[in-house]
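To keep things clear, I will list the structure first and then write my remarks on it.
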Amino acid sequence: MHSVLYPFSAVTGQEELKHALLLNAVNPRIGGVVVRGEKGTAKSTTVRALGELLSGQERSPVVTLPLNATEDMVAGGIDFQCTMRDGCRVFQPGLLSRADGGILYVDEVNLLDDHIVDIVLDAAASGENRVEREGISFCHPASFVLVGTMNPEEGELRPQLLDRFGLCVEVHAESLPERRVELMLRRERFDDDREAFIERFREENERLAQKITAARDLLPAVSMPGHLRGFVSELCRENNVAGHRADLCIEQAARANAAYRESRVVEVDDITSVAALVLAHRRRDAEPPPPPEPPQPDEEERQEARDERPDERDERKAEEPEQGDGTDKSQDRGEEPGDEQPEERQDASSPGEPEDHDADDDADSGSLPEQVFEIAAPFKVRPITSPKDRTMRRGSGKRSRSRVSQKQGRYTKSTMKRRNNDIALDATLRAAAPFQRHRDNRNGMAVVLHDRDIREKIREKRLGNLLIFVVDASGSMGARGRMAASKGAVMSLLIDVYQKRDKLALVSFRKNEAVVNLPVTSSVELAGKLLREMPVGGRTPFAAGLVKGYDIARSHLMKEPDARPMVILVTDGKANKALGERKPLDEAFELSRKIALEERIRFLVVDTEEPGLVNFGLARKIAGMLQAEYFKIDDLQADSLVNIVKNATS
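Counting from 1, position 306 in the sequence shown corresponds to residue 605 in my numbering; the numbering is continuous, with no gaps.
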């Protein structure tokens, strides 16, 4: 029975999504489209409607690739029945063969196993599927429009895989009330009388189908002038994209757009109309960063005040004794408490290298009264996961996907290695099938199995991690509400820890030492209470905090060698208290380089330094030496993911 699908032309809004799908229907060489957005935004409805739109043009219907698909289901494998009957290996095509000439639809592509995504993307790029496995060598056409949908809240695709999708569309729910009302009315009419509703949009659907057919026929004759190729290259360079795939995708998409509007020559408008779709998931922050925006009036006043301070300090130095109390004066001038004073001293000389942060002025910060800041409003954090590897683990949780040794989880592939007698019956039968005609079957068995035929299942599930929070609680963190924002970020991460069933530990560093506020535990509630009561003040013994977090991770690895601990450093990186005799920053850099050699421990640095005209960028330097992922504190928010492609930790 043929199911009745919602008409493509009846979909309310989502113009970018419909545009991207139509371009791929005209020119599959674009490389497909990945659709990112929250649930309930008509992603699947629109894709299936396109398949229905194209069904009358000798195109295959939409083929859906399920999340639990194995390599055999996707690429194809041995036809068990024919192999048993004939005594020789016979190839059985998979989903890629069925999708040839149509649409291959992958819902929640970010949750699909990476090696399956690789197979699909290879076939989409080459137009053919080549199988070399289990004694089979076979190749067949596989030209299809690839459409993947994903909800970024459930995890990101690896950047290498995301880049291979030609276009990317961000979909959102309709914001205009009248559009939402129209959407409801259309859906109600469709549910009440589907045939009448489809008839209402039949003419528009047929017009679109004819336009796609005409555009396909015209596409080979469409050309791009040479000067526009230069424009495309400059556009990609300005957006700091990696590689050259973006240039090629823009060219193919622009040619499809020109053909769709019945033109034989690509124009600038064709390029600009598709550039955002091609660059959305490839655009990177430019290096060096663009010049700052002109300061606002209040910023100019602050800058004038900064410019006047060096002269004022010189006058005070001439008038005051060396051991005068500078703390009260700095507060009278409106300067920040704590160890921010050395930062301003450096502004007039070498803003890039604030080295002597443990000078006499820093001693004053230790005598300042401690402050306890409230926690800023928590927010939804971006996904933080661990990269997949081949290690077998045990446990439970909801954060990172891993292979597991238990008989639980999703069956992804088979192996000849025997671990737990979790027999993969399908793979075992396929391994035994070619030899049945030559085996002794005197007992009348349907299938004769030998020990070498046995295959076991490789399963995968999500597990929890250990997250060690190392929080800078020095005096400089109290300036301009940074500690409140930092506590808000950590609290947001703690909520995420609870949801993902992780373990956690909490370390803070201030004055002359680092303290383990909370050993390894699952109690997010207790961690939140300690975070709320955490005082701020004193110097920044960064090295002590780093070592303390590292020691907790090492101790955990001794108990659970297969664990994947992550140390999350929340700091501005302005170390001014050393463990030994070396300069604090030199010691911090050297320790970071040494600790980075422990590959089993992963680091994430959250930079709390406030953006301004003078930024030291010390946290970024430390992240580089730790080989850690680096984020400004605002980058943790889930709603900042729109222009961020790179996965947090994979």
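All C-beta atoms in this analysis are idealised placements derived from N, C-alpha and C, irrespective of residue type, glycine included.
Would G888 pass as a contact of D906 if the rule is Cβ separation under 8 Å? The amino acid occupying residue 888 in the given sequence is Phe; Gly does not appear at that position. No. Outside cutoff.
Could you tell me whether the stretch 493-510 touches the stretch 533-550, where touching means 3 or more Cβ pairs closer than 8 Å? no
Are the CB atoms of L765 and V819 nearer to each other than 8 Å? yes
So, at 7 Å on beta carbons, what are the nonlocal neighbours of T344 in its own chain, with the 5 sequence-adjacent residues on each side left out? Y305, V310
Assess, as a yes-or-no matter, whether the stretch 480-490 is touched by the stretch 438-447 under the definition of 3 or more beta carbon pairs within less than 8 Å. no
For A732, report the span of its alpha helix (DSSP H) as first-last. Going by DSSP, A732 is part of no alpha helix (DSSP H) at all; its letter is neither H nor E.
Can you tell me whether R838 is buried or exposed, with buried defined as 16 or more other CB within 10 angstroms of its CB? buried
What does the alpha-carbon distance come out to for the pair D412 and P733? 29 Å
Taking DSSP's pairing of strands, which residues face D906 in a bridge? T870, K931
Using the three-state DSSP reduction, which class does G376 fall into: helix, strand or coil? strand
Along the chain, where does the beta strand (DSSP E) containing A348 start, and where does it finish? First-last for A348: 342-353, but that is the alpha helix (DSSP H), not the beta strand (DSSP E).
Given 8 Å as the limit, is there contact between the stretch 874-883 and the stretch 825-833, that is, 3 or more CB pairs closer than that? no
4-residue-minimum alpha helix (DSSP H) runs that sit fully inside the stretch 525-589, ordered along the chain: Within the stretch 525-589, the complete alpha helix (DSSP H) runs of at least 4 residues are 525-537, 544-559, 567-578.
Using a 10 Å radius around the Cβ and a threshold of 16 neighbouring Cβ atoms, would you call K847 buried or exposed? buried
Spell out the partners DSSP gives V333 in its beta bridges. Per DSSP, G447, C467.
Secondary structure of V325, DSSP reduced to three states: helix
Can you check DSSP and say which residues form a bridge with N428? H439
List the endpoints of the continuous beta strand (DSSP E) containing A514. Counting along the chain, A514 falls outside any beta strand (DSSP E), though it belongs to the alpha helix (DSSP H) covering 493-517.
Quick check on DSSP: helix, strand or coil for N409? N409: helix per DSSP, three-state reduction.
Which residues DSSP lists as bridging I757, in chain order: K712
I'd like to confirm the pairing. Which residues does DSSP put opposite N721 in its beta bridges? The residue asked about is misnamed: residue 721 is Asp in this sequence, not Asn. Looking at the DSSP assignment, D721 forms no beta bridge with any residue, so it has no partner.
Measuring straight from C-alpha to C-alpha, what distance separates G651 and G916? With a pLDDT of 46 at G651, under the threshold of 50, the predicted position of this residue should be treated as unreliable, and no value is reported.
Leaving out five residues on either side along the sequence, give the residues of the same chain with a beta carbon under 8 Å from the beta carbon of D399. The beta carbon of D399 sits closer than 8 Å to the beta carbons of S359, H439, P440, A441, S442, F443 from its chain, once the five residues preceding and following it are set aside; these are given in chain order.
Report buried or exposed for C387, applying the criterion of at least 16 other Cβ atoms within 10 angstroms of its Cβ. exposed
Within 7 Å: the Cβ of R892 and any heavy atom of the ligand FMN? What this structure holds is no ligand at all, so the ligand FMN is not there to describe.
Could one say the Cβ of R881 lies closer than 8 Å to chain B's Cβ atoms, at least one of them? Checking the listed chains, one finds no chain B in this structure; it contains a single protein chain.
Return the CA-CA distance between G844 and I794, expressed in angstroms with no decimal places. Rounded to the nearest angstrom, the two C-alpha atoms are 23 Å apart.
DSSP three-state assignment for I921, whether helix, strand or coil: The DSSP-derived three-state label of I921 is helix.
Report the three-state DSSP secondary structure of Y305 (helix, strand or coil). coil
With 16 other CB atoms within 10 Å as the buried threshold, where does V866 fall? buried
Under 8 Å, with one C-beta from each stretch per pair, do the stretch 313-321 and the stretch 424-434 reach the 3-pair mark? no
Which class does E639 belong to by DSSP, given the choice of helix, strand or coil? Bear in mind that a pLDDT of 42 at E639, under 50, signals an unreliable position, so the model cannot answer this.
Between which two residues does the beta strand (DSSP E) holding D771 run? 765-771
DSSP state of L484, grouped into three classes? helix
Tell me V362's beta-bridge partners as DSSP assigns them. L403
Give the single residue among E477, V346, S773, F902 whose Cα lies nearest to the Cα of Y404. V346
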